[in-house]
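**Q** Structure provided below as structure tokens; questions to follow.
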Amino acid sequence: INSQSETEGVGTYAIDRIPGAISAAQSFNVDAVGGATISSTTIKQGVAEAVIAAGGDPAVFATAPAKAEVVLTEVTEDVDVVIAGAGTAGLMAAARLLENGVKNVILFEKQDIPGGSMPMAFGGFNGVGSQTYQNWLAGREVPRASLTMSSWENIGDILGAKYGKDKNTLPWLQQMYEGGGKLYDWMNSIGVGFMSLGTEPALAGSPYFAPGCYSGGCGYVMEFFVDRITAQGGRIIYNTEVTELIQDKNGAVTGVKAVGEDGKTWTVNADAVMLATGSFAKSPELLKEYHSEWADEFFICPESLTGDGLKMGLKAGGVVDYADAYMPGFLATYQSHFELAFIHYMNVGLMVNIKGDQFANIMVNNHATMAAAKADPANGNTFYYVFDDAGAATIKDYEDRKFTYKAIFEKGEAVHYDTVEEAAKALNLPDLAQTIATNNELAMNGGTSEWGQGNLPYLDTKDGIWLVRVEPVVYLTTAGLRVDLDGHVLTEKDAKIPGLWAAGDVIGSYEQRETRYGNGFDAAVVFGALVGDGIAEELK
């Protein structure tokens, strides 16, 4: 593979492994890399096409290689801590455990590769009160907005006003923001790369993994921590799923049982067990039970997120909180579900519905607005994002946040029409021309839309118009296991289940406990690390 633009930490694993496997087997019918199936399949298809282009018969190279014999083996081990899941929260917890001197740490990951949803995340978290940020602020004349993240006193007041609460009644949010600041300092000290302070969006004190938002930084950092964990003696066992929690007669969790694709069955006894298996977004059964409104929707997330940890936690005596709670509707393309959550920041276009009518101010709380729009039958569950040639240029290369949505053009999902009338006819949007005309008149006169949106974009249609069909989709589930501020899994009566901890999407929305979902990646990074610190402290 001499050219690629795959997601670091996902497709790059397929690039590293599949060509060698094909060459060794003399067949393109080799197993895909679990967790990077689409990239694996694409490479295999490319090889088949290359054989044809070279005048060969692809059937000659289509025989699957013989499978290695699976030898059934039983493994029993005693460790300090076992973690189910090597995604964001699990990796952060393991890294902090090892940092705190807990040496015998083992993680089980049911896919071929680590990371879970981490490499696909936007790559930023909240870093309130970090020394790194304080050092940068010292002696600088900076905008007031840049000071909001300098302390909990500042951001706490803003959040309290937003949610109508006193900041002293927001312990979960305070822990997430301030914990992020301490984590930022530690990551800087060990060599994790961040976007330079003073650039957007790092200007406001929110650390973004280098090179920037949605630019692969999460994948690089994930690989950094995998290397760090293994270098310090931690072990990650791949293709191996934790299937059961071991409990003693008093209900304390004392270990796990796991089964690997290689035929190994594991019985691991541990002083502490952590569930970090992610959400249940790919479990129709659990979605129907806990998020019935979204049960039939497509979730943008790994296929491995089937709620294994949630089921085990419930069986151990835990309880689910926030069933059917609010979930945001992030924008994505209709055909391929390619995520477009920030497209309205890149280019302030228009959002229209099934008739071509504008229906809301998507610049204010975009995710909640789109979730509500999807539920409104007047919109026909059909949405288009509308922009002009200048908008197309910006979307292809958005300098402020250092990422691009050029894939919507490469995939052919963003379609150019020579005239507005042509677009309206092709897509059956009878009100599109009037919607654009009304918008442009307000934009020229400095007016405000009926939904309170000012600074409206002027759409220059002399060279035509672009439309991409979009829809609000979800990433994760906000229901999850009940835990306390330290990550102990709790029963219905709020008693700790001895020996059992959890973090990440298996506990649902971290901040749903006080407000509602908004910072899933932040919570997984920060709370995962805090749980690692907490387990280490208790083991002392």
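Note that the sequence shown covers residues 92 to 631 in the numbering used here.
Glycine is no exception: its CB is placed at the ideal position from the N, C-alpha and C atoms.
1. Assuming Phe478 is part of the beta strand (DSSP E), what are its boundary residues?
2. Just tell me which of Glu384, Ala157 and Phe199 has its CA closest to the CA of Ala416.
3. Determine the DSSP secondary structure at Phe389, reduced to helix, strand or coil.
4. Taking the alpha-carbon positions, what's the Val344 to Leu377 distance?
5. Which term fits Pro521, buried or exposed, when burial requires 16 or more other beta carbons within 10 angstroms of its beta carbon?
6. How would you write the range of the beta strand (DSSP E) that Lys158 sits in, first residue to last?
7. If you reduce the DSSP assignment to three classes, tell me which class Glu605 lands in.
8. Determine contact between the segment 195 to 208 and the segment 116 to 127, defined as no fewer than three beta-carbon pairs at a distance below 8 Å.
9. Whole-angstrom Cβ separation of Arg319 and Ala177, contact assumed at under 8 Å?
10. Quick check: what's the CA-CA separation for Gly619 versus Ala184?
11. Let me make sure I understand the geometry here. Which of Leu189, Lys446 and Asp575 has the alpha-carbon closest to that of Ala586?
12. How many whole angstroms separate the CB atoms of Val443 and Thr526, which I take to be in contact at a CB cut-off of 8 Å?
13. Lys355 and Thr633 - do their beta-carbons sit closer together than 8 Å?
14. Using the three-state DSSP reduction, which class does Gly206 fall into: helix, strand or coil?
15. On the three-state DSSP scale, how would you describe His435?
16. Give the DSSP bridge partners of Gly346, in chain order.
17. Could you pull the start and end residues of the alpha helix (DSSP H) that Ala150 belongs to?
18. For Thr568, report the span of its beta strand (DSSP E) as first-last.
19. Nearest by alpha-carbon distance to Val151: which of Gln117, Val193 and Gln136 is it?
20. Pop quiz: Gly637 and Gly310 are said to be a contact at Cβ under 8 Å. What is the actual Cβ separation, rounded to whole angstroms?
21. Tell me Gln449's beta-bridge partners as DSSP assigns them.
22. Ends of the alpha helix (DSSP H) at Lys379?
23. Within this structure, are the beta carbons of Val559 and Tyr476 separated by less than 8 Å?
24. Determine the burial state of Ala159: buried for a count of at least 16 other Cβ atoms within 10 Å of its Cβ, exposed for fewer.
25. Can you list, in chain order, the residues of its chain whose CB lies under 6 Å from that of Gln603, leaving out five sequence neighbours each side?
26. Tell me the rounded alpha-carbon separation between Pro302 and Ile246.
27. Do Val121 and Pro156 count as a contact pair if the criterion is CB distance below 8 Å?
28. Could you say which of Lys258, Ile588 and Lys584 lies nearest to Gly342 if we only look at CA atoms?
29. Once the 5 residues before and after Gly272 are set aside, which same chain residues still bring their CB inside 6 Å of it?
30. If you scan the segment 584 to 630 from start to end, which runs of the alpha helix (DSSP H) of 4 or more residues do you find wholly inside it?
31. Give the DSSP-derived three-state secondary structure of Lys355 in the structure shown.
32. What is the rounded straight-line gap between the Cα of Asp387 and the Cα of Gly599?
33. How long is the line joining the alpha carbons of Asn470 and Asn531, rounded to whole angstroms?
34. Note down, in chain order, each residue of its chain lying with its Cβ closer than 6 Å to the Cβ of Leu182, except the 5 sequence neighbours on either side.
35. Which runs of the beta strand (DSSP E) fall wholly inside the segment 481 to 518 and span at least 3 residues, in chain order?
**A** So, from the listed chains and residues:
1. Phe474 to Phe478
2. Glu384
3. coil
4. 23 Å
5. exposed
6. From DSSP, Lys158 is part of no beta strand (DSSP E); its letter is neither H nor E.
7. coil
8. yes
9. That belief does not hold up - the Cβ atoms of Arg319 and Ala177 are roughly 13 Å apart, past 8 Å.
10. 5 Å
11. Asp575
12. 6 Å
13. For the chain, the structure presents residues 92 to 631; residue 633 sits outside this window and is missing.
14. strand
15. helix
16. Ile337 and Asn360
17. Element bounds for Ala150: n/a, residue is neither H nor E.
18. Unbroken run through Thr568: none, as it is neither H nor E.
19. Gln117
20. Limits of the chain in this structure are 92 at one end and 631 at the other, which puts residue 637 out of reach.
21. Val443
22. Pro375 to Tyr381
23. yes
24. exposed
25. Tyr413, Ala416 and Thr569
26. 25 Å
27. yes
28. Ile588
29. Gly218, Val219, Gly220 and Ser221
30. 611 to 630
31. strand
32. 19 Å
33. 22 Å
34. Phe316
35. 505 to 508
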